[in-house]
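Inspection log for the structure reproduced underneath, given as structure tokens.
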Amino acid sequence: MSVRRLALTAAAMALIATALAGLTPGVDEMTGTLAAPQRTVDTAGPDALVIAAAGLLAWAVWAWGVLGLGLTAASVLPGLLGTAARLATQVLLPAGARRSAGLLLGLGLGVAAPIAGVAVTVTAPAAAAAAPAVGVPDWPAAAVPAAAPAPTSVPDWPAEQPAAPERGSHVVVRGDCLWHIAEARLLERAGMPPTDGETARAVHAWWAANADVIGPDPDRLLPGQVLRPPEST
Numbered sequence: 018m019s020v021r022r023l024a025l026t027a028a029a030m031a032l033i034a035t036a037l038a039g040l041t042p043g044v045d046e047m048t049g050t051l052a053a054p055q056r057t058v059d060t061a062g063p064d065a066l067v068i069a070a071a072g073l074l075a076w077a078v079w080a081w082g083v084l085g086l087g088l089t090a091a092s093v094l095p096g097l098l099g100t101a102a103r104l105a106t107q108v109l110l111p112a113g114a115r116r117s118a119g120l121l122l123g124l125g126l127g128v129a130a131p132i133a134g135v136a137v138t139v140t141a142p143a144a145a146a147a148a149p150a151v152g153v154p155d156w157p158a159a160a161v162p163a164a165a166p167a168p169t170s171v172p173d174w175p176a177e178q179p180a181a182p183e184r185g186s187h188v189v190v191r192g193d194c195l196w197h198i199a200e201a202r203l204l205e206r207a208g209m210p211p212t213d214g215e216t217a218r219a220v221h222a223w224w225a226a227n228a229d230v231i232g233p234d235p236d237r238l239l240p241g242q243v244l245r246p247p248e249s250t
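All residue numbers for the sequence shown refer to this note's numbering, where the first residue is 18 and numbers rise by one.
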């Protein structure tokens, strides 16, 4: 998460709140106006009702935005707090709002919660053997299939429509990572948040089942990829 973007977003929300406070009556006054609509129309006219309703709606949208940004920022924290924040964002925010909040706060597309109690060494690919090792889960290296030679001529066959995703498969969207995919699938199956160890094992199973799609780097998912669920999940 970018601290600079977090500070800029917080400042922008504060400016919006200041503007709302200057453009709308007080919340108590607007609530009282809507509580007695007939009296308001008789004394101040129908415009007062419109202003009160619009003002309360604007404040509600602002509060919902602040809550969504706060939960999105907390979702990258490790442990139970981060898990609870991620579950809350899935309930309170639609997918589009979650992606927008992540972009505003500068959350990386491959952000995942830290894996407790799991080895963090990995065998470097042959092309980068001299590079220093980085801390990632101990996933086995998978060979990338060689590209097939381009055909010299293309038969005049009708184009085939792509097959529909299999039942239970997951179509990758921007912002997805294996940790969140595996954690959501475990939560859906068990009805309770999984432990970090359970999620780590599920991540390994998802990557092993889709190594031909993901490639040698399990942290690099591309929008549109179709991931098959492992047999154990």
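We put the CB at the ideal spot given by N, CA and C, even for glycine. Everything numeric in this text was worked out from a predicted model, so none of it was measured.
| Asked | Found |
| --- | --- |
| Going by DSSP, which residues form a beta bridge with residue 243? | 188 |
| Can you give me the C-alpha to C-alpha distance between residue 24 and residue 237, rounded to a whole angstrom? | 28 Å |
| Would you say residue 243 and residue 190 are within 7 Å of each other, going by their C-beta atoms? | no |
| Taking residue 59 as part of the alpha helix (DSSP H), name the residues at either end of that continuous run. | 54-61 |
| Suppose you measure from the CA of residue 48 to the CA of residue 38; what does that come to, to the nearest Å? | 15 Å |
| Assess, as a yes-or-no matter, whether the region 196-203 is touched by the region 216-227 under the definition of 3 or more beta carbon pairs within less than 8 Å. | yes |
| Counting beta carbon pairs with one atom in the region 97-108 and one in the region 52-68, are three or more of them shorter than 8 Å? | no |
| Can you have a look at residue 89 and say buried or exposed, based on whether 16 or more other CB atoms are within 10 angstroms of its CB? | buried |
| Determine the burial state of residue 129: buried for a count of at least 16 other Cβ atoms within 10 Å of its Cβ, exposed for fewer. | Because the pLDDT of residue 129 is 37, which lies under 50, any placement of that residue in the model is unreliable, and the question is left without a value. |
| Residue 208 by DSSP, collapsed to three states: which one? | coil |
| DSSP state of residue 41, grouped into three classes? | coil |
| For the alpha helix (DSSP H) containing residue 215, list its first residue and its last residue. | 213-226 |
| Report the residue from 95, 220, 248, 59 whose alpha carbon sits nearest the alpha carbon of residue 184. | 248 |
| Tell me which same chain residues have a C-beta within less than 7 Å of the C-beta of residue 211, skipping the five on either side of it? | 200, 203, 204 |
| If you measure between the beta carbons of residue 226 and residue 245, is that distance less than 7 Å? | yes |
| By the three-class DSSP mapping on this structure, what secondary structure does residue 237 have? | coil |
| Can you check whether the CB of residue 75 is closer than 7 Å to the CB of residue 51? | no |
| Are there 16 or more other CB atoms within 10 angstroms of the CB of residue 186, so buried, or fewer, so exposed? | exposed |
| Taking only three categories from DSSP, how would you classify residue 87? | helix |
| Between which residues of its own chain and residue 239 is the CB-CB distance below 8 Å, once the five residues before and five after are set aside? | 189 |
| Taking all protein chains shown into account, decide if residue 196 is buried (16 or more other Cβ within 10 angstroms of its Cβ) or exposed. | buried |
| Tell me whether residue 86 is buried or exposed, calling it buried when 16 or more other Cβ atoms sit within 10 Å of its Cβ. | buried |
| Between residue 25 and the ligand HEM, is the CB less than 6 Å from at least one heavy atom? | Judged by which ligands are present, the structure shown has none, so any question about the ligand HEM falls away. |
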